[in-house]
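There are 4 protein chains.
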Amino acid sequence: MVKQRRSQIDSSKRRQILPKEIRRKQLIRATMGRIAEVGLSQVTLSAVTQKAGLSQGIANLHFDSKDNLLVETLKFVTDEYNLGLQQILSGTGYLSAQAKLQALVQFQFSRSVTEETKMAVWFAFYGEAKSRPTYQSICADSDRRAALGMKTLMTAVSEELGHDIDTAFVTDGYIALIDGLWLSLLLSPRKLSRVKAKQVVFQYLKGVFPLWSDVR
Amino acid sequence: MVKQRRSQIDSSKRRQILPKEIRRKQLIRATMGRIAEVGLSQVTLSAVTQKAGLSQGIANLHFDSKDNLLVETLKFVTDEYNLGLQQILSGTGYLSAQAKLQALVQFQFSRSVTEETKMAVWFAFYGEAKSRPTYQSICADSDRRAALGMKTLMTAVSEELGHDIDTAFVTDGYIALIDGLWLSLLLSPRKLSRVKAKQVVFQYLKGVFPLWSDVR
Amino acid sequence: MVKQRRSQIDSSKRRQILPKEIRRKQLIRATMGRIAEVGLSQVTLSAVTQKAGLSQGIANLHFDSKDNLLVETLKFVTDEYNLGLQQILSGTGYLSAQAKLQALVQFQFSRSVTEETKMAVWFAFYGEAKSRPTYQSICADSDRRAALGMKTLMTAVSEELGHDIDTAFVTDGYIALIDGLWLSLLLSPRKLSRVKAKQVVFQYLKGVFPLWSDVR
Amino acid sequence: MVKQRRSQIDSSKRRQILPKEIRRKQLIRATMGRIAEVGLSQVTLSAVTQKAGLSQGIANLHFDSKDNLLVETLKFVTDEYNLGLQQILSGTGYLSAQAKLQALVQFQFSRSVTEETKMAVWFAFYGEAKSRPTYQSICADSDRRAALGMKTLMTAVSEELGHDIDTAFVTDGYIALIDGLWLSLLLSPRKLSRVKAKQVVFQYLKGVFPLWSDVR
DNA sequence: GATGAATGAGCCTTCATTCAT
DNA sequence: GATGAATGAAGGCTCATTCAT
Numbered sequence: 019m020v021k022q023r024r025s026q027i028d029s030s031k032r033r034q035i036l037p038k039e040i041r042r043k044q045l046i047r048a049t050m051g052r053i054a055e056v057g058l059s060q061v062t063l064s065a066v067t068q069k070a071g072l073s074q075g076i077a078n079l080h081f082d083s084k085d086n087l088l089v090e091t092l093k094f095v096t097d098e099y100n101l102g103l104q105q106i107l108s109g110t111g112y113l114s115a116q117a118k119l120q121a122l123v124q125f126q127f128s129r130s131v132t133e134e135t136k137m138a139v140w141f142a143f144y145g146e147a148k149s150r151p152t153y154q155s156i157c158a159d160s161d162r163r164a165a166l167g168m169k170t171l172m173t174a175v176s177e178e179l180g181h182d183i184d185t186a187f188v189t190d191g192y193i194a195l196i197d198g199l200w201l202s203l204l205l206s207p208r209k210l211s212r213v214k215a216k217q218v219v220f221q222y223l224k225g226v227f228p229l230w231s232d233v234r
Numbered sequence: 019m020v021k022q023r024r025s026q027i028d029s030s031k032r033r034q035i036l037p038k039e040i041r042r043k044q045l046i047r048a049t050m051g052r053i054a055e056v057g058l059s060q061v062t063l064s065a066v067t068q069k070a071g072l073s074q075g076i077a078n079l080h081f082d083s084k085d086n087l088l089v090e091t092l093k094f095v096t097d098e099y100n101l102g103l104q105q106i107l108s109g110t111g112y113l114s115a116q117a118k119l120q121a122l123v124q125f126q127f128s129r130s131v132t133e134e135t136k137m138a139v140w141f142a143f144y145g146e147a148k149s150r151p152t153y154q155s156i157c158a159d160s161d162r163r164a165a166l167g168m169k170t171l172m173t174a175v176s177e178e179l180g181h182d183i184d185t186a187f188v189t190d191g192y193i194a195l196i197d198g199l200w201l202s203l204l205l206s207p208r209k210l211s212r213v214k215a216k217q218v219v220f221q222y223l224k225g226v227f228p229l230w231s232d233v234r
Numbered sequence: 019m020v021k022q023r024r025s026q027i028d029s030s031k032r033r034q035i036l037p038k039e040i041r042r043k044q045l046i047r048a049t050m051g052r053i054a055e056v057g058l059s060q061v062t063l064s065a066v067t068q069k070a071g072l073s074q075g076i077a078n079l080h081f082d083s084k085d086n087l088l089v090e091t092l093k094f095v096t097d098e099y100n101l102g103l104q105q106i107l108s109g110t111g112y113l114s115a116q117a118k119l120q121a122l123v124q125f126q127f128s129r130s131v132t133e134e135t136k137m138a139v140w141f142a143f144y145g146e147a148k149s150r151p152t153y154q155s156i157c158a159d160s161d162r163r164a165a166l167g168m169k170t171l172m173t174a175v176s177e178e179l180g181h182d183i184d185t186a187f188v189t190d191g192y193i194a195l196i197d198g199l200w201l202s203l204l205l206s207p208r209k210l211s212r213v214k215a216k217q218v219v220f221q222y223l224k225g226v227f228p229l230w231s232d233v234r
Numbered sequence: 019m020v021k022q023r024r025s026q027i028d029s030s031k032r033r034q035i036l037p038k039e040i041r042r043k044q045l046i047r048a049t050m051g052r053i054a055e056v057g058l059s060q061v062t063l064s065a066v067t068q069k070a071g072l073s074q075g076i077a078n079l080h081f082d083s084k085d086n087l088l089v090e091t092l093k094f095v096t097d098e099y100n101l102g103l104q105q106i107l108s109g110t111g112y113l114s115a116q117a118k119l120q121a122l123v124q125f126q127f128s129r130s131v132t133e134e135t136k137m138a139v140w141f142a143f144y145g146e147a148k149s150r151p152t153y154q155s156i157c158a159d160s161d162r163r164a165a166l167g168m169k170t171l172m173t174a175v176s177e178e179l180g181h182d183i184d185t186a187f188v189t190d191g192y193i194a195l196i197d198g199l200w201l202s203l204l205l206s207p208r209k210l211s212r213v214k215a216k217q218v219v220f221q222y223l224k225g226v227f228p229l230w231s232d233v234r
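Chains as they are written, first to last, in the numbering used here: chain S, 19 to 234; chain V, 19 to 234; chain X, 19 to 234; chain G, 19 to 234.
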């Protein structure tokens, strides 16, 4: 009864890794769905696994604990957003800073980012972050990185336009505005459309960069 | 089975009878405290009542259910904020619209409004609002009233200054900015101070009302 | 601050005794009502006192405990029935045994005895009696006394008619029949009326006492 | 915080997985036991599950709620009884109606049917039936079916004997007698034995069917 | 005596987690 | 790895009882 240790090269193992990641993603998506549907405080593993069409015990199998599943869900949303963000900010194209900023706004109010489910997840975790160090640090990390990139961009824009502005300020305002608009989008989507939200942002940018003519 | 006779010195455990409203407020405050400490999803009645120094059953006695206690807590925070808001907006003094707007900003970033506990409660409920009709409607009601008042104020300011501005836009931006800054204040108070937050708001207003000279 | 000990003759004391009994009866009636309405297992003191139009704590004041109130309620019903029974059995009139038996049947299916509420209370306690020594002994006591009286009556009837019957048997059957008809009356009053129930009893008696001509 | 490793000898606590129906029956039996021991109003899930040697949560797992467990318990007792009843009434043998009636009496006072536990359960639910529609309808259904079958039998007996009797009457009386005797058996088993109870029934039948010679 | 706010033990129920299959 | 029955800790809630007024 000798258990044969699988060679690391064994391709069958690699095949099993993929399903594992798929299972995890399945569960994370189901978790997001439940958060959006019933709120973070009402999420139960049994509803999540059921939504994923899987068995009860599988969440603990892949994530060890419910708490960890939630953390991974937050990370997932956060990482996805940051990835998109970095692609724009550190875009290797020949885009001007102004063009990049325009692209940023488009991205931040794209259907994919402002998808109801994601917004719900986002703010669900924000709402608990204050009292949950783990959430807190994930959010803070993400925010810090994002803020840094945006500030660099703002500075570049300001330089392109020959402005002399406190870009730290502008960035803080910009970020707050985006967050606030997202919240509005989440809570009263009827009142505020994506288009209108973008216009509000552009109006802000016009105020900040008076010399920028072709905003939007 | 010896019944222990309570020492007369142990007055802390003496049963006290107080008016209903006081008890309710006591419990609401304790609830707010727990939300801030452990997050909405981790609030338990036993922790709330313990924090209030009362017995387990008293929460149900005065609020019928945990859910109702939470709703009343949200209402409490909401009402308090709206009261302050209306006092400023419909201030019966001879303040100019500009002065009122200044006062509004001061109020919105006053220590009382931006108190950590309140911010935590605020966003805790926002995070769940999407999936909880009751929270949703309370928040939406409050927001609508607030937005209305602010828009009126913005219009007045714009008229005082002779501006020709789409005040609906400005108001949406203003509100989003405030919300976003509050969120920042909650999540990374070290990065953003109250003072800085106000400066960000004033910067926004300067951009929106270029002719307004003495902002701040 | 010497508390004056009331003289036993003091008429004011006697006046207070009456109200006490009234309160007790009020509570017992309310208890019966609740038992009939929601079942013994669902009776709560707060519902009982509310039905009686009295304050929450009064039940414990007058009966010390809920359990005691229930016991007293059972005793009340039991005593009332036995009183009526004894009045008939030991009737000091010049009634023949046969006339007494007729009267007995009339009594046992009188509106007062078969009142829905009383039947409900009766069987509610029967249902629990097996496992509650206190109920058990009250019921058993009552039953024994009643059985004794009825047996005496049956014997008298049998003697009057010149029958040679095992009256113990007849009595057991009679009692069982009455109990069973009461149960029927309680559970399906639509199927079995009081009148029909009496006819069933008379039919039984006719079978037992063939020589008895004017039954009913 | 040392996790104690379960001894291999302690097999009594080993988690066992069994078919749903077996678990349900286990729990129903335990419920019946508790009803007989402490009365319907004092039954608690924790005592039931403990009696069954299972964990606290299992009752809700298999029955969703305590109330439902009780209903299913009532149904179980009821169904079992009715099954036995129908087997006798619609017996496919060549038994005469008189023989069937004899068998019926034997069955109704068999050890299995008059088992203390079952009688206790029976009357526990009867006691609450009046105020609990669900119990009421289960009992009523059962009673109706049983009554129908018995009436048919009585009619057959009466025809076999050439009697001209109102069998509806006889049946009502018969059923009431049985119920009453069961109650007696439950409350004072010392006073009334199964044998004696049957004699009482036969005495009744003799009275009703005078031409029936070999009763018992 | 009477009231009803307050207490707290005990219940039902939920649900994350475990584990035999 | 996967399943889902089983577990049991913990929570919300009820309600008999107490007691300050």
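Glycine included, each C-beta is placed from N, C-alpha and C at the ideal position. This structure is a prediction, so every number in the text was calculated from the model and none was measured.
Would you give the residue range spanned by the alpha helix (DSSP H) that residue i belongs to?
i: L79/X; result: I76 to F81
i: S202/V; result: T185 to L205
i: W230/G; result: Run containing W230/G: none; DSSP gives neither H nor E here.
i: A165/V; result: P151 to E178
i: K84/X; result: K84 to L107
i: R52/G; result: K38 to V56
Pull up the distance between the alpha-carbon of residue i and that of residue j, whole angstroms please.
i: Q44/S; j: V56/S; result: 18 Å
i: I106/G; j: K118/G; result: 7 Å
i: K69/V; j: V61/V; result: 11 Å
i: V188/V; j: H181/S; result: 23 Å
i: S236/G; j: Y153/V; result: Here chain G comprises residues numbered 19 to 234, so residue 236/G is not present and cannot be evaluated.
i: V175/S; j: Q116/S; result: 6 Å
i: A194/X; j: A194/G; result: 7 Å
i: A215/V; j: I40/S; result: 43 Å
i: L179/V; j: G167/S; result: 37 Å
i: A54/V; j: Y192/V; result: 26 Å
i: A121/V; j: N78/V; result: 40 Å
i: S128/S; j: L103/S; result: 12 Å
i: D232/X; j: D85/G; result: 51 Å
i: C157/G; j: T96/X; result: 26 Å
i: L201/S; j: S155/V; result: 15 Å
i: T185/G; j: K209/X; result: 15 Å
Confirm the yes/no value for this check: CB of residue i, any heavy atom of the ligand SAM, distance under 7 Å.
i: A194/V; result: Of ligands this structure carries none, so the ligand SAM is not represented either.
Assuming residue i and residue j make a contact with CB atoms under 8 Å, what is their CB distance in whole Å?
i: L58/S; j: A142/S; result: 4 Å
i: F76/S; j: Q126/S; result: The amino acid occupying residue 76/S in the given sequence is Ile; Phe does not appear at that position. At roughly 34 Å, the Cβ-Cβ gap does not stay under 8 Å, so I76/S and Q126/S are not in contact.
i: M50/V; j: T91/V; result: 6 Å
i: V226/S; j: G145/V; result: Wrong, their Cβ atoms sit about 30 Å apart, outside the cutoff.
i: T132/V; j: L203/V; result: 6 Å
i: F94/G; j: I46/G; result: 5 Å
Within a Cβ cutoff of 6 Å, which residues of the same chain sit near residue i, ignoring the five residues on either side of it in sequence?
i: V89/X; result: T152
i: A48/G; result: V66, K69 and A70
i: Y222/V; result: L195
i: L229/S; result: L179
i: I183/S; result: S176
i: V218/S; result: none
Who are the Cβ neighbours of residue i in its own chain at under 8 Å, not counting the five residues just before and after it?
i: L63/G; result: Q74, A77, N78, K84 and L87
i: K38/S; result: H80
i: L171/V; result: L107, A115, K118, L119 and L122
- Query: What are the start and end residues of each continuous alpha helix (DSSP H) run of 4 or more residues lying completely inside the stretch 117-152 of chain S, in chain order?
  - Reply: Fully enclosed alpha helix (DSSP H) runs of 4 or longer: 129-132 and 134-147.
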